[in-house]
Structures are given as C-alpha cells and as structure tokens.
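Student:
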Amino acid sequence: MGGSVILVEYNTDLEKLMEIDADRIVTLDYVAHMNLRAAGVDHELIEDYIKPDREAAAADKAIREMSRNWHGGEAAQFTNHDGLDLGTPLEEYMMQYLAQVIKKFTGIARLVAEYSPDAAYCSGHIGLMIHGISPKVELRVLPIGSSSVAHFEDVRIPIRLGSRLSHVKVSRSTVLKMKKLAERTTGALVGNTGSKDSRILFLNFEVTAYEEMLSEFSKRYDIVMLNERRPVVWNLASLRAARRLGCTITSLDRHSDAEAASEIREAESAIDGKVDRLVGSGHLGRYFAISGMSFWPAISDEFTGMIRDRFKESARRFLLARRMFKRERIDGILLLYANSFEEKVILSAAEAEAIPATSIEHGYLPSRPYMERYRSIFLGSNPYCRNLVWGERSRDLLSDVPPHAAATAVGSPRHDEFFHVDNKSSKRIVLFDSFNTEVDLHSIDSRVLEKNEEMIKELCKELGGLPYDFAVKLHPGHHVLGYSLKPSIERASPGTPVHQAGDVMDFLAGCSLAVASAPTTVMLEAMIMRIPTLVCIPDGFWDKEDVFTTGASLLVHSYEEFRDVLPRVLDDEEFRGDLLSRSDSYVARYFSFPGRASQMIAAAKLD
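Position 23, counted from 1, in the sequence shown is what the numbering used here calls 1175; the numbers after and before it change by one each time, with no gaps.
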C-alpha cells in the first residue's frame, strides 16, 4: 500500500510531529495516545493491529518465556557468578520491560505486513525494530526524550509539604545512598544486646504495620530487621515502634570493609567480562526474536546496560549477605516479598549458608488461570522458601508447590486490627483505583486503559454529586510510564480529594461503600470491615475471579450498570445484607484465625 507512517511514543517531540505530513499516525503506548488525544490529533493505536486471539496470545507467551529463560541454556555460562544465578532475580522486571517492547514489536510487524509503508518517522530504537522486520522501509528520525522503559532504574519518593503530597523522581543509586545515610543516622538509636536462644531476620517488613506480629515474635526470638528498599526507621512512628520492640537493625553495608571492597571490584570486573562475552556471542540476537524477526538490535544498548548494572548490584548484595550470615548469628528468615529482586539475591545467600527462610503472603492472589500463568511473580515461586498464607483459598492455589515449601494457613497479621474494628457506617464513599502488574498486553492496552479512565471519571462525577463524603485513593505504586489518573479525576470532579498515600484503614473508616477498579487487597480489607464493595471493570478480563462468581463483591462493566445498582447498594437493606453475608463467607475462606494471626504466625517455627 505504501505511504508514510509516524510512530509516536510517550516521549516523542510533539512539536516536531506536527510539522510532518504523513499518511498514518500510530501511537505505541497509552501516554502517547493521551498526548495526541489532548492535542486533538487523529491517530490509530498500535493495539489496533494486534489480534487478541492470535498475536496477543503469542506475545504474552513470548513475554513470559523470554523473561524466565533468557539467561538459561547457552547464556547460563555468562549469567552465573560464584554460585549465584544472576538472571532469576530480574524476572519480574524483565516481564514489565519486555511487555512494553514486545507489544510494540508485535504491532509494528503487523502494521508493516498489512500496509508496507515506504517511510517511517520514528525514534532510533523503533527504527531498528522496523529494520528487523523489513529493511526496505526508509527511516526518518523523530526526536524523543529519554527512551528508557526500564522503570526500576528510577524511584519516586513521596514528599509531603503541609497537606500536599508530591513524588520526586530520583535514580535508584541515589535512593540507595539516601538509605545508607538514614541507616547510619538511626542505627545507633535502636538496638538490642540479644537474650533469646534464636535470632530471626525479618526482611523488608514495615515495623508500624507489623508491630503486633513482631511483638509476639519477640517473646521467642531476638528480632533483627533488614530492609533493602526503605530504611527500617524512616519517621518518628517507626522509630518509636522499633524501640518498643527492642529489635536490632542491621544492614549489608555494615559488613563492607577493604577486603569486601576488593572482592566486589573483582566480581564487577568478572561480570563486565561475562556480559561482554554474552553480548558478543550472538545468543541474545537469536533469542530475542519472534517469527524469525529479531528485536535485539532495538534493545541491545539499554538491555546490556541494565543487566550489567543489576548483575553487579546482585553480586555485591550476595557477597555482603553471605558475610552477614557468617558474622551475625541468624537462625531463620521471615520475609514478605520472596520474588522481588533484592530478596531473591539475599535468599540465594541464605541458601548457600543453609539458613531456612519462610515467606508470608502480602496481598490478594488472583485465582486460576491467571495465577498459574504468572505464578513466578506471586507467592510460592521460590522453591527454597516455606510459605505462610492468609487462609484456605491461598493454600489451595499453592497446592502444587514442593512438599518442603507447602503452604500453611496462619492468617494475615497485618489485618488483625481490621477484624477488631467496629466500623460505624456513615455517609462516606471512597473510590480505590488500582492497576495490574503490567506484565501482559492486556494490562498495558491503551484501549483498556482509556475505558478504565473514562469509567473512573464518570464514577467520580456521579459519586461527587451525591450527599456523601467522597474521596479517591490511588494506588501507591507507579505505572511503568509514570502517568497518573489524578489530573483527569480532578478535571472530572473538581473539589474531590485525591490521595496516593495514607493508611487504608483511615480511608475505610465510616465507609458506606468501597468502590474499586480491580480485584485488589483493599477490596478484602473493606469486606473484613463489613463494607459493601462494588468493582467497576469495563471489560470481562476478571469476570471469572471467585470474588465475583461467589457474589462476595459486585462487578459492573459500565457506568450505566453502576448507576442502576448504586441505589440498591446504598439504600436497600435487604440487598446490602445479602451482599455482606456473601462477603463474610468469602472472608472466612480467605483469612484463617481472624484477629489472631499475629499469635498464630509467631508460633510457627522459623529456625
């Protein structure tokens, strides 16, 4: 068909784009779509070229398999160091990264096949993608800003100025330096000489959220706290909690000395050589390909830099963790996030020193088959960890783990307080927005995201006009591309408070209704407090979740459905009572030992 096409990314220079006369404009991500929509520019979406039953399914499979296996096989000789598998800790990050890349590549391949454009205006790395598909297309460079979607290189820190909360984006290395400074400053303020027979390391627990559980454990064990992302003590409340617990705060940097520094330099030099040989071997160029077309040239620089930095960080953390386990008596480990980057490395070090580890569930688990496809990013994928879960439902989901990692239902210690709250319903409604882990095409589909945004705006208009105290609570996490629904909500419902930080219990207190945009942990928390829940999802992706099929939570797919059911949820006592009865049954299956989980988990043998 010929002609020219402009391929627009989230950071494309729109002024330059406006100067170009092309036959077709296609956005490659949701932010690009929002930008062109706001500018009134007609365009297509790359998703329009991806058939859900064919290309999308194949792309999702490629994302999962490549994220899990790229560092194995022929590459394994370059991705192992001193007994540490360097690739596995990056699995979830790789899924999020490759989801963005493979979506673009799949859509562009179909676009080129259907229209055979003569020329494409695009960024340099998208041009490399196109030439991996068809070298005949003439490339014309379209300026962009920073092109990285390796979002975990940046961290957003919440800063509160009076009543206003903002997030400042800083580099990962800067955050690690800030964390070290905070630990040096507060470490001397908290301490414990130790008097128990066993010492347990609590990895990445927030002391204020888990104080009751930690207090129960302190009756049997000396508590050692190690947090690899945010300092254990980061405000006055956490300092007071740590002091009350009499815990010891440790850090990996405490075990860094001249000898360790020398070993780390040697490891980094060895990793540089391994990464260079891996890239030079040609394996990745052959591996990162779909239907015989390689997208490796488009990601080679970014990918190489990413794994080089993360491999070095892993080697350093592994070395210091092993030194810590040799120097400090640690008899067992309890952790929340067995599948995150930092935890996987520390668990590998613990395994090398024969220290047992136990992981506790930390959030809502999707039911099958989604859980099965993405098991590795949820609880239960680490074969070395024993699993403590919230209740029968989670235990059943993890029924196929190895015997030594079998799941035991102990309840949720961080929800003990929820079960003791006598919630007095008042005229208050909160809308809780959430988002998925962005590891598949559906979770980053511009059409899905736009429908979700439009529905939330309509809900805010409706709820903001009711004689209720209405607020919006956004998820504390951040999308890979960093966009937020807050501006859209504020335009749709002026005056509605929009929060991204704060205690969930404070938001739920007094609620007559909790509205959510996805099945999420806060939905369970509302149910515990006997608050009716109404979940609004424009498509049918989550229709088979048991929380909906059992009637424990109401599910609607459109604003019209929401408006029809809202009066019944708010005013029909019989309808509300039936909904709450179903919620109670669901909560009973999801949470064992309600209100007593801290005592139950503290009885578990961790050493």
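For each residue, glycine too, the CB sits at the ideal point set by N, CA and C.
Computed from a prediction, not measured in an experiment: that's the story for all the values here.
Whole beta strand (DSSP E) runs in the region 1513-1586 with 3 or more residues, listed along the chain?
Tutor: Listed in chain order, they are 1538-1541, 1559-1561, 1580-1584.
Student: Sorted by chain position, which residues of the same chain lie with C-beta nearer than 6 Å to ASP1483's C-beta, five sequence neighbours on each side aside?
Tutor: Locating residue 1483 in the sequence shown gives position 331, counting from the first residue. Contacts found: SER1350, ARG1351, ASP1759.
Student: Work out the CA separation of ASP1237 and GLU1243 for me, nearest whole Å.
Tutor: For the purposes of this step, residue 1243 is identified with residue 91 of the sequence shown, where counting begins at 1. For the purposes of this step, residue 1237 is identified with residue 85 of the sequence shown, where counting begins at 1. Approximately 11 Å, taken between the alpha carbons.
Student: Only counting the same chain, and skipping five residues up and downstream in sequence, which positions put a Cβ closer than 6 Å to that of PHE1447?
Tutor: In the sequence shown, the residue the question calls residue 1447 occupies position 295. For PHE1447, where only same-chain residues beyond five positions count, the Cβ hits under 6 Å are PHE1257, MET1281, GLY1284, PHE1440.
Student: Who pairs with VAL1687 in a beta bridge, going by DSSP?
Tutor: The residue you call residue 1687 lines up with position 535 of the sequence shown. According to DSSP, VAL1687 bridges with ALA1668, LEU1707.
Student: Kindly indicate the opening and closing residues of the alpha helix (DSSP H) around ALA1419.
Tutor: Sequence index remark: in the sequence shown, residue 1419 carries index 267 (1-based). ALA1419 -> alpha helix (DSSP H) spans 1410-1432.
Student: Going along the chain, which residues of its own chain have a beta-carbon closer than 8 Å to the beta-carbon of ARG1748, five neighbours each way excluded?
Tutor: Within the sequence shown, residue 1748 is the residue found at index 596, counting from 1. Here the set comprises GLY1563, ASP1568.
Student: Mapping DSSP to helix, strand and coil, what is ALA1340?
Tutor: In the sequence shown, counting from the first residue as 1, residue 1340 sits at position 188. Here ALA1340 scores only 49 on pLDDT, less than 50, and its place in the model should not be relied on; the value that follows carries that caveat. In the structure shown, ALA1340 sits in coil (DSSP, three-state: anything other than H, G, I, E or B).
Student: Could you tell me the alpha carbon to alpha carbon distance between GLY1444 and SER1733, rounded to whole angstroms?
Tutor: Along the sequence shown, read from residue 1 onward, the residue named residue 1444 stands at position 292. Along the sequence shown, read from residue 1 onward, the residue named residue 1733 stands at position 581. Approximately 55 Å between the Cα atoms of the pair.
Student: Quick check on ASP1255: buried or exposed, where buried means 16 or more other Cβ atoms within 10 Å of its Cβ?
Tutor: If you number the sequence shown from 1, residue 1255 lands on position 103. The question names Asp, yet the displayed sequence has Lys at residue 1255. Per the 10 Å Cβ criterion, buried.
Student: Which runs of the beta strand (DSSP E), 3 residues or longer, sit entirely within the region 1358-1397?
Tutor: You should have 1374-1378.
Student: Please go through the same chain and pick out, in chain order, the residues whose beta-carbon is closer than 6 Å to the beta-carbon of ARG1468, but skip the five residues on each side of it.
Tutor: To locate residue 1468, count along the sequence shown from 1; it is residue 316. Excluding residues within five positions, the ones whose Cβ falls inside 6 Å are ILE1416.
Student: Where does LYS1203 sit, in a helix, a strand or coil, going by DSSP?
Tutor: Within the sequence shown, numbered from 1, the residue matching residue 1203 stands at position 51. Note: LYS1203 maps to coil in three-state DSSP.
Student: When burial is assigned at 16 or more other CB atoms within 10 Å of the CB, is ASN1132 buried or exposed?
Tutor: Only positions 1153 to 1759 of the chain appear in the structure, and residue 1132 is not among them; the question remains open.
Student: VAL1431 and CYS1399: beta carbons closer than 9 Å?
Tutor: Counting from one through the sequence shown, the residue named residue 1431 turns up at place 279. Counting from one through the sequence shown, the residue named residue 1399 turns up at place 247. For VAL1431 and CYS1399, no; Cβs fall outside 9 Å.
Student: Could you spell out where the beta strand (DSSP E) holding CYS1274 opens and where it closes?
Tutor: Position 122 of the sequence shown holds residue 1274. Unbroken beta strand (DSSP E) run through CYS1274: 1271-1274.
Student: Buried or exposed: ASN1539, going by 16 or more other Cβ atoms within 10 Å of its Cβ?
Tutor: In the sequence shown, the residue the question calls residue 1539 occupies position 387. Buried, since its Cβ has 16 or more Cβ neighbours within 10 Å.
Student: Could you tell me the distance, in whole angstroms, from the CA atom of ILE1311 to the CA atom of GLY1629?
Tutor: By 1-based counting over the sequence shown, the position of residue 1311 is 159. By 1-based counting over the sequence shown, the position of residue 1629 is 477. For ILE1311, the predicted structure reports a pLDDT of 49, less than 50, and the residue's modelled location is therefore unreliable. A value from the coordinates is still provided. So the two alpha carbons sit approximately 14 Å from each other.
Student: If you draw a straight line from the C-alpha of ARG1547 to the C-alpha of ALA1557, how long is it?
Tutor: Counted from its first residue, the sequence shown places residue 1547 at position 395. Counted from its first residue, the sequence shown places residue 1557 at position 405. Their Cα atoms are separated by approximately 11 Å.
Student: State the DSSP-derived secondary structure class of ILE1172, mapped to helix, strand or coil.
Tutor: Stepping through the sequence shown from its first residue, residue 1172 is reached at position 20. In the structure shown, ILE1172 sits in coil (DSSP, three-state: anything other than H, G, I, E or B).
Student: Considering just the uninterrupted stretch of the alpha helix (DSSP H) at SER1219, what are its terminal residues?
Tutor: By 1-based counting over the sequence shown, the position of residue 1219 is 67. Residues 1209-1221.
Student: Taking 9 Å as the threshold (C-beta atoms), are PRO1287 and MET1153 in contact?
Tutor: Numbered from its first residue, the sequence shown carries residue 1153 at position 1. Numbered from its first residue, the sequence shown carries residue 1287 at position 135. The answer is no: Cβ separation not under 9 Å.
Student: What is the residue span of the beta strand (DSSP E) that GLU1290 lies within?
Tutor: Residue 1290 sits at position 138 when you count from the first residue of the sequence shown. That run of the beta strand (DSSP E) goes 1290-1293.
Student: Hey, could you find the ends of the beta strand (DSSP E) VAL1624 is sitting in?
Tutor: Here the question's residue 1624 lines up with position 472 in the sequence shown. Segment 1621-1625, the beta strand (DSSP E) holding VAL1624.
Student: Which same chain residues end up closer than 7 Å to ALA1227 when comparing Cβ atoms and leaving out the 5 residues on each side of it in sequence?
Tutor: One-based indexing of the sequence shown puts residue 1227 at position 75. Result list for ALA1227: LEU1430, HIS1435, in chain order.
Student: So CYS1537 packs on LEU1611, CB below 8 Å; how close in whole Å?
Tutor: Against the sequence shown, residue 1537 aligns to sequence position 385. Against the sequence shown, residue 1611 aligns to sequence position 459. Actually they are not in contact, since the Cβ atoms of CYS1537 and LEU1611 sit about 39 Å apart, beyond 8 Å.
Student: With DSSP as the reference, please indicate the residues paired to HIS1651 in a beta bridge.
Tutor: Locating residue 1651 in the sequence shown gives position 499, counting from the first residue. Bridge partners of HIS1651: LYS1625.
Student: Quick check on the DSSP output: the beta strand (DSSP E) that includes GLY1484 runs from which residue to which?
Tutor: Numbered from 1 along the sequence shown, position 332 holds the residue referred to as residue 1484. 1484-1487 is the span of the beta strand (DSSP E), which, as asked, contains GLY1484.
Student: To the nearest angstrom, how far is it from the Cα of GLU1199 to the Cα of LEU1355?
Tutor: In the sequence shown, counting from the first residue as 1, residue 1199 sits at position 47. In the sequence shown, counting from the first residue as 1, residue 1355 sits at position 203. Cα to Cα, GLU1199 sits roughly 40 Å from LEU1355.
Student: Less than 9 Å between the beta carbons of LEU1486 and LEU1353, yes or no?
Tutor: As a working mapping, residue 1486 is identified with position 334 in the sequence shown. As a working mapping, residue 1353 is identified with position 201 in the sequence shown. Yes, these two residues count as a Cβ contact at 9 Å.
Student: For GLU1368, which residues of its own chain have a beta-carbon under 7 Å away from its beta-carbon, when the five flanking residues on both sides are left out?
Tutor: Residue numbering aside, residue 1368 sits at position 216 when the sequence shown is read from its first letter. Contacts found: SER1750, GLN1751, ALA1754.
Student: Which whole-angstrom value is the C-beta distance of VAL1667 and ILE1581, which I expect to be below 8 Å?
Tutor: For the purposes of this step, residue 1667 is taken as residue 515 along the sequence shown, with counting starting at 1. For the purposes of this step, residue 1581 is taken as residue 429 along the sequence shown, with counting starting at 1. Between ILE1581 and VAL1667 the Cβ distance is about 7 Å, and since that is below 8 Å, they are a contact.
Student: If you check the beta carbons only, do ILE1158 and ILE1177 fall under 9 Å apart?
Tutor: Residue numbering aside, residue 1158 sits at position 6 when the sequence shown is read from its first letter. Residue numbering aside, residue 1177 sits at position 25 when the sequence shown is read from its first letter. Against a cut-off of 9 Å, the Cβ pair of ILE1177 and ILE1158 comes out as a contact.
Student: Quick one: what does DSSP say ILE1507 is sitting in, helix, strand or coil?
Tutor: Taking the sequence shown and counting its residues from 1, the one referred to as residue 1507 is at position 355. ILE1507 falls in the coil class under three-state DSSP.
Student: In chain order, what residues of the same chain lie with their CB nearer than 8 Å to the CB of THR1360, ignoring the 5 residues before and after it?
Tutor: Start at 1 with the first residue of the sequence shown, and residue 1360 comes out as number 208. Closer than 8 Å at Cβ, skipping near neighbours: ALA1389, SER1390, ALA1393.
Student: Which residue wins for smallest C-alpha separation from VAL1289, given the options PHE1571, PHE1727, SER1156, PHE1470?
Tutor: Within the sequence shown, the letter at position 137 stands for residue 1289. Nearest option by C-alpha distance: SER1156.
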